[in-house]
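Note sheet for the following structure.
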Amino acid sequence: MAKQARIVVDRDFKIAEVDPRIYGSFVEQLGRAVYDGLYQPGNPLSDEEGFRKDVIEMVRELNVPVIRYPGGNFVSGYRWEDGIGPLADRPKRLDLAWKSIETNEVGIHEFASWTKKAGADLMMAVNLGTRGIEEACALLEYCNHPGGTALSDLRSRHGRKEPFDIKMWCLGNEMDGDWQIGHKTMEEYGRLAAETARAMKMIDPSIELVSCGSSYRGMPTFPEWDAVTLEHTYDHADYISLHQYYDNEADDPADYLAKADDMDEYIRTVVAVCDYVKAKKRGRKTINLSFDEWNVWFHSKEQDDKLNKERPWQQAPPLLEDIYTFEDAVLVGEMLITLLNHADRVKVACLAQLVNVIAPVMTEKNGGKAWKQTIFYPFFHASAYGRGTALRAEVCCEKHDTSEHEDVTDIVSAAVYKEESKELTLFVVNRNIEEDVELTADLRGMGNCRLLEHIVLECGDRKCTNGPGQERVRPCNVSRSSADQGILQSLLRRMSWNVIRLKLES
Ligand code: AHR
């Protein structure tokens, strides 16, 4: 007999409205993300500005509301002024973060135009590595001030009279990491970020600011860094950042799929830190979470080390070009479920990244159309059907232990209800790598529901990948669910991503 699992979803047990910005993404001036990725002048697939139309189409499919830019590690050595003005005058620079040459052909104007075409807003990061308050303020004035000052008038002269009106700003990137150019101690960063934030809000009080949290949960200074820096930035910042990438270097699929539990624990800890600082400050404001880098990243690391060692200082080198497997897509699905289950505090999240660099969308080096990686699909489903009210999905199922994790539930799930269309979507991953699970979902207070569809991403070969013109891993609809009188019955294949969509009839 197959394993059994039960989920209870009650219409009145709400987590929060899902902030659509949790379906954000990230583009860094790194590798072939911008050049040879979204920007390829001269390619027949590009538009008059040099932007790949097929890439824009795929990004639009993902419906990404906000895109973080221009880094990442890159931003900590970036001079934003290099990317404005006539193309012929833009300098080529060494990018120390990625040992590459940055041509600055794409800067703030071009990227803002691309994000608009992609249907997204810009989320900008300022350089707090090699630079400070003055340059951050100058960039903000250039971007958001209406006019009548040297910098805002310079923007007009460069063809953009209306302000870019960028609402979200990151106060540096991963400033705790010793790989970061100009990395800092907690006190150094806390003071600099607080004063930068204070000045930036004087220029434009409508902006929202993200204070740098730890670079990942495994940092030796986590969570002290988060607490100490937030004590400095609390009055001026609105969010704290979290970053996390997972890998399956051990090639242990059961343990790999348990890693979403670490992400859950990470979020809980950072929420506790934010609330501790709030209490300590006797504050009224709640600091929320911007999980502005998350994904799987490991496939390309060896190749990148080799490239950096043997052929540094190239323009647009093929760095961080992870080719994702089916099992990676399942973990990405679990990470999305985790974000949804913390919709009360995670208000922004960025899948890192978007094009070519650890990305759902890839372009080929020598022509050919863009193609979709395996991880494209869970993100696409969550972004399409995961908007509305996140409801608590109470899961009761068997648990298993893995090499590094205990009490791992066989299934994980999130539920989102959309009032306008009366649609309820259950996202469910069966992370048992050997056994199918029969699911019974008690949809309390939902009345009678009609099954719209049961979409799955599944594959006999967990290492299966996609490639140019080859979509081996793609979703399909299955007849493994039925709904009657508020009870849903489904069969969840071992190691699978499931999207079960229902329509409320009453
Ligand atoms: O996304 C790739 C890199 O990962 C980013 O530049 C950095 O912020 C993180 O360490």
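Going by our numbering, the sequence shown opens with residue -12, and the numbers climb by one from there. Cβ atoms here follow ideal geometry from the backbone N, Cα and C, with glycine treated the same way.
query: Contact check, R488 vs V(-4), beta carbons under 8 Å; result: no
query: Neighbour-count burial assignment, N60, 16 or more Cβ in a 10 Å radius; result: buried
query: Exposure label - R142; buried when at least 16 CB within 10 Å; result: buried
query: Per DSSP, the bridge partner or partners of Y226; result: V197, N275
query: Pick from R8, E445, S287 that is closest to G106, judged by C-alpha positions; result: R8
query: Outcome for Q231 when other beta-carbon atoms lying within 10 angstroms are tallied against a minimum of 16; result: buried
query: Heavy atom of ligand 1 within 7 Å of Q340 beta-carbon; result: yes
query: Span of the alpha helix (DSSP H) around H368; result: 363 to 372
query: CB-CB length for V486 against F414, believed under 8 Å; result: 6 Å
query: Continuous alpha helix (DSSP H) assignments of at least 4 residues falling wholly in the stretch 355 to 443; result: 363 to 372
query: Nearest to E195 (by Cα), restricted to the options D222, T376, G205; result: D222
query: Heavy atom of ligand 1 within 7 Å of G116 beta-carbon; result: no
query: Any non-hydrogen atom of ligand 1 closer than 7 Å to G11 Cβ; result: no
query: Anticipated Cβ contact below 8 Å, P365 with L306, distance rounded; result: That pair is no contact at about 24 Å.
query: Extent of the continuous alpha helix (DSSP H) run through Q531; result: Here the chain has residues from -12 to 493 only, and residue 531 is not among them.
query: S87 beta carbon near ligand 1 (any heavy atom closer than 7 Å); result: no
query: Per DSSP, the bridge partner or partners of Q302; result: I88
query: Inter-residue Cα distance where the pair is H329 and S201; result: 19 Å
query: For N60, the three-state DSSP class (helix, strand or coil); result: helix
query: Backbone CA spacing between D213 and E175 [nearest angstrom]; result: 13 Å
query: Inter-residue spacing [alpha-carbon to alpha-carbon] between H368 and E121; result: 42 Å
query: Identity of the residue in A181, P304, E321 nearest W484 by Cα; result: E321
query: Any non-hydrogen atom of ligand 1 closer than 7 Å to N60 Cβ; result: yes
query: Residues near V460 in its chain [Cβ-Cβ closer than 6 Å; skip 5 each side]; result: F313, T361, C446, C451, N453
query: Where L74 falls, given that 16 or more other Cβ within 10 Å makes a residue buried; result: exposed
query: L158: CB within 7 Å of a non-hydrogen atom of ligand 1; result: no
query: Contact check, S277 vs K334, beta carbons under 8 Å; result: yes
query: Sequence-distant residues of its chain with Cβ nearer than 6 Å to I54 (five each side left out); result: S12, V14, T102, A107
query: Pairwise C-alpha distance: A184 and R269; result: 20 Å
query: Same chain, Cβ closer than 8 Å to H145, neighbours up to 5 away in sequence not counted; result: I71, G72, H96
query: Chain-order list of residues whose beta-carbon lies under 8 Å from that of E218 (same chain, five-residue window excluded); result: G177, V264, K267, K268
query: Where Y26 falls: helix, strand or coil (DSSP); result: strand
query: Among D291, D239, I227, N435, the one whose alpha carbon lies nearest that of T273; result: I227
query: Burial state of M349, where buried means 16 or more other Cβ atoms lie within 10 Å; result: buried
query: Contact test: E308 Cβ vs ligand 1 heavy atom, cutoff 7 Å; result: no
query: 3-residue-minimum beta strand (DSSP E) runs that sit fully inside the stretch 112 to 178, ordered along the chain; result: 155 to 158
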